[in-house]
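Written below as structure tokens is the structure these notes are about.
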Amino acid sequence: MSKRMGFDVIKGVGICFGVVNRHVAAAGALALTTALCTVYPVIQVRAQEASMSSEFSEKFRAEHDFDIPAQVLTDALVAFGQQSGIQVTVNGDIAQGVSASAVQGRMPSEDALRGLLSGSGLFYTISRSTVAIERITEGADGATLLDPVMVEGRMETATGPVDGYVATRSAAGTKTDTPLIETPQSVSVVTRDQVEIQQAQSITQSLRYTSGVAAEVRGSASRYDIPYIRGFGSPSDPVQYQDGLNMLRGPGYAFPQTEAYGVERVEVLKGPASTTYGSAMPGGLVNAVSKRPTEQERGEVEVLVGSHDRYQLATDVSGPVTEDNSLLYRFVALGRDSETQVVNTKEQRVYVAPALTWKPTDDTTLTMLTHYQRDPEGGYYGILPTVGTVWSSSAGAIPRSFNDGDPAFSDFDREQFSVGYEFEHVLNDIWAFRHNLRYLDIDVSTKDIATLSLAADGHTINRYALTTDEQTRGVASDLQAQADFATGMIGHTALFGFDYKYSDSSQYRLYGATAPTIDYLDPVYGVATSISLSPFVDQDQTISQSGLYVQDQLDIGNWNFLVGGRYDAVQTVTDNNRTNVRQTQNDDAFSWKAGAVYNFENGIAPYVSYATSYLPVSGTDFNGDAMDPTTAKQYEVGLKYEPTSFDALFTLAYFDITQEDVVSQINPNQRYQTGEVQSKGVEFEAKVALTSQTNAIANFTFTDAEVTKSVVNDLGDAPIAIPDMTASLWLDHEFDRGLINGLTIGGGVRYVGETVGGYSPNAASASARRIDVPGYTLFDAMMRYDLGVLGNNLENVSAQLNVTNLADETYVTCLSNNFCNYGNGRTVYVSLKYAW
């Protein structure tokens, strides 16, 4: 069976002969049989749990790390007893000539014993605290052989939920459902469980404990998600994907934002990714995987309150519509109303995401994914002067709660809607066809006053005014044909694809160079009632991109090879309605990648890869010529380790990325495409289930990023907002004994190193012109309590407390001179959840 099955369910894992004592309820016996077949193809088990003592039952279900090779049954049972603490009796005549199957990994003792007996024709019986092995004889001791039952076994899939924090599969790197250990590129996966335990309120916040990522480059601003990855980033460049399709955006402020409550996992593909995704940032991309309908009835309602008068209500329900599970549904919704740490600012959101899955046959699946989101308020998105935040001021520091805007001239309203589908049809044992499609519509209007400069007195801020009205709508499509076949000893997973993106956007922007000043020592609001504005941007723009790509994953023994290539054609048409000038720009690019992984039997997998990317650049250079796409290449060498004895994934990677044809801009009318940026670094990431109750996440990144060619004053410096070092550690533990049974406690520490925050034009020397933004260390903590331990009337109810920036550290981020922001101070959230 291929390890890259692109299906949610592996069909026909085996035939299970259930042996059930007549005193056990038939429904429970059938459920037990089905569960067993999830792990082992053919198992004969006798269920006698009714006679098991409660103390022994708990011991029998306790998890242990098992490493029992295939061997004669008696020796295997001795090893089982040593590793589980449970002794098993067996008659020598019964065990004679019988071999036990291998059992490895962390699992309950009962699952390990069933695994040892898999295919042996034997079963176990339990009487209070005694376990005995017997041979199946029809009708003996009330046991009855059931008819063969075909069952379906489940496994983790690239789009499905993960139990815990350790994901083992993803489609981000290959667009096929591939084990991470076989992917020759670094991929980080933030699971739903991690998002919930850390109470991340946005995609950006979910990446706080991810290696290679500078998550919150705009401080407390929460309106957009713009993480920087592996030394590269820009608010205007595409890094956001959802369900493998680009989240289309406009040229101005028409950015979509993905609601974190609506995602199953957040994936970070690091390094160039144009071979499978087209135009892309050199550092990588972020792919949010939507919650999908489930075959099991499930649901939850959560109420959250917290700092700055935050109130939030969310629900998530899912299950089958029909008895045969051919039609499934999911409904996710959220409402939010909150102040922020900055005066006169609010966050508001209404989010609804219905989904439907239709499976007319075992080989055909159609999933409809839609969402509607309205953000009447987008929080604080202003900017602060460099002096008074990063640099000290004789007038004193600017307060963290200070708003450089004015509620009399402030507005933000974003409305976004998408509808799409994922279609898959398995033609035969070799071919499968998929088509993913999404239509996205975004409308954004903004009105703001923001910092222009700091006056000579050191505490009066000169401001400008800006209003925008923007719309973007378009479609993203990805058509794929996947072939799983073998040529001799070589296994192939070949992928042939054609993807297409089209967006149509309009932007109307007014600008006022002078707006009323404000004194940050004594701010007066409500004065910006009459501001002179002039048309600044009035344009329509369409972008179409077509890409043909091919990829092959080759399995040769313990070797996994990956090779792929792609050709893209991009057309950008811009109509300047102020000058009645149309500009058409046509770009094309070829990108490719190659990689290899060797998987040792002990779970260690060294890998090496090479990948390229391109990114179109609009506009013209100083000579009036259209600019070429910037290009990038990456060499990556790494080591992954997926232990066989416990649940964990370790990734160590060295990367070397060079981006060429970078635009250096002296002023708006002087642009030169002669720049180059190189980013080298080392990343380490570990996600470990230390025990069934204890989890750990550890990350470390060292980035040596440098502008190696430039005509402006950043030559030799790191790119703006790229930290030289980041590190984080998270631990949580769930108690299951005594008075604190049901309590989970956790905490983490995050370090973000020093960054370059831009350049001041008035400083006396080059070194003084550079704005060095200090690094910072933040502490987080959480506590969750399962109220169900207090009584059945509170079953499935849990309460959770999260505190971020526990020490209330004050820190600053900057993207340019006089373009700085404070990060979030201490934030407290308390939530109550009922799940069923």
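First residue of the sequence shown: 24, per the numbering used here; consecutive thereafter.
Idealized CB from N, CA, C, for every residue including glycine.
All values derive from a computational prediction rather than experimental measurement.
Buried versus exposed call for residue i [16 or more other C-beta atoms within 10 Å across all chains shown]
i, result
"serine 243", "buried"
"aspartate 116", "exposed"
"serine 124", "buried"
"tryptophan 859", "exposed"
"arginine 589", "buried"
"serine 668", "exposed"
"serine 854", "buried"
"methionine 512", "exposed"
"valine 95", "exposed"
"arginine 129", "buried"
"leucine 762", "exposed"
"threonine 850", "buried"
"alanine 135", "buried"
"leucine 801", "buried"
"glutamate 346", "exposed"
"glutamate 320", "exposed"
"alanine 671", "buried"
"glycine 846", "buried"
Boundaries (first-last residue) of the alpha helix (DSSP H) holding residue i
i, result
"leucine 139", "132–139"
"glutamine 574", "Here glutamine 574 belongs to no alpha helix (DSSP H); instead the beta strand (DSSP E) covers 557–579."
"leucine 100", "96–107"
"serine 229", "226–229"
"histidine 117", "Reading the sequence as shown, one finds isoleucine at residue 117 and not histidine. From DSSP, the alpha helix (DSSP H) with isoleucine 117 extends over 115–118."
"aspartate 216", "215–220"
Where the beta strand (DSSP E) containing residue i begins and where it ends
i, result
"arginine 246", "Run containing arginine 246: none; DSSP gives neither H nor E here."
"glutamine 364", "Run containing glutamine 364: none; DSSP gives neither H nor E here."
"isoleucine 720", "717–732"
"tyrosine 633", "627–638"
"glycine 294", "Where glycine 294 is concerned, there is no enclosing beta strand (DSSP E), given that its DSSP letter is neither H nor E."
"isoleucine 768", "766–775"
"glutamine 823", "820–827"
"serine 839", "835–839"
"threonine 474", "454–477"
"glutamine 594", "582–599"
"isoleucine 91", "86–91"
Test item: CB-CB of residue i and residue j under 8 Å
i, j, result
"tyrosine 637", "glutamine 657", "no"
"serine 487", "tyrosine 531", "Correcting the residue type first, residue 487 is tyrosine in the shown sequence and not serine. Cβ atoms of tyrosine 487 and tyrosine 531: not closer than 8 Å."
"glutamine 494", "serine 526", "no"
"threonine 483", "aspartate 427", "no"
"tyrosine 284", "alanine 337", "yes"
"arginine 605", "arginine 231", "no"
"threonine 565", "valine 596", "yes"
"tyrosine 621", "alanine 612", "no"
"valine 775", "glycine 798", "yes"
"glycine 196", "leucine 292", "yes"
"valine 820", "tyrosine 857", "yes"
"glutamate 133", "phenylalanine 83", "yes"
"threonine 491", "tyrosine 276", "yes"
"valine 865", "isoleucine 149", "Shown here, the chain extends from 24 to 859; a query on residue 865 therefore has no answer."
"threonine 182", "threonine 516", "no"
"glutamine 574", "leucine 518", "yes"
"glutamate 699", "glutamate 683", "yes"
Anticipated Cβ contact below 8 Å, residue i with residue j, distance rounded
i, j, result
"threonine 393", "serine 441", "6 Å"
"isoleucine 220", "valine 289", "That pair is no contact at about 14 Å."
"phenylalanine 673", "alanine 709", "5 Å"
"glutamate 370", "serine 245", "6 Å"
"aspartate 193", "valine 210", "One point to set straight first is that residue 193 is serine, not aspartate, in the sequence displayed. Indeed they touch by this definition, with Cβ atoms about 5 Å apart."
"glutamate 706", "isoleucine 204", "About 16 Å separates the two Cβ atoms, so there is no contact after all."
"threonine 214", "alanine 190", "6 Å"
"alanine 619", "threonine 635", "So it is not a contact: roughly 17 Å between Cβ atoms."
"arginine 524", "glutamine 568", "Reading the sequence as shown, one finds lysine at residue 524 and not arginine. At roughly 5 Å, the Cβ-Cβ gap stays under 8 Å, so lysine 524 and glutamine 568 are in contact."
Cβ of residue i within 8 Å of any chain D Cβ
i, result
"tyrosine 857", "Any reference to chain D falls outside this structure, which holds one protein chain only."
Flag this pair as touching only if the region 458–472 and the region 419–436 have three or more C-beta atom pairs under 8 Å; answer yes or no. yes
Touching or not, the region 838–848 and the region 776–784, by the rule of three or more beta carbon pairs under 8 Å? yes
I'd like to know if the region 496–504 and the region 469–484 are in contact, where contact means that at least 3 CB-CB pairs between them fall below 8 Å. no
Contact the region 725–742 vs the region 205–222: 3+ CB pairs below 8 Å: no
Would you call the region 294–308 in contact with the region 325–337, where contact means no fewer than 3 C-beta pairs closer than 8 Å? no
Count Cβ pairs between the region 720–728 and the region 747–761 that sit closer than 8 Å; are there 3 or more? yes
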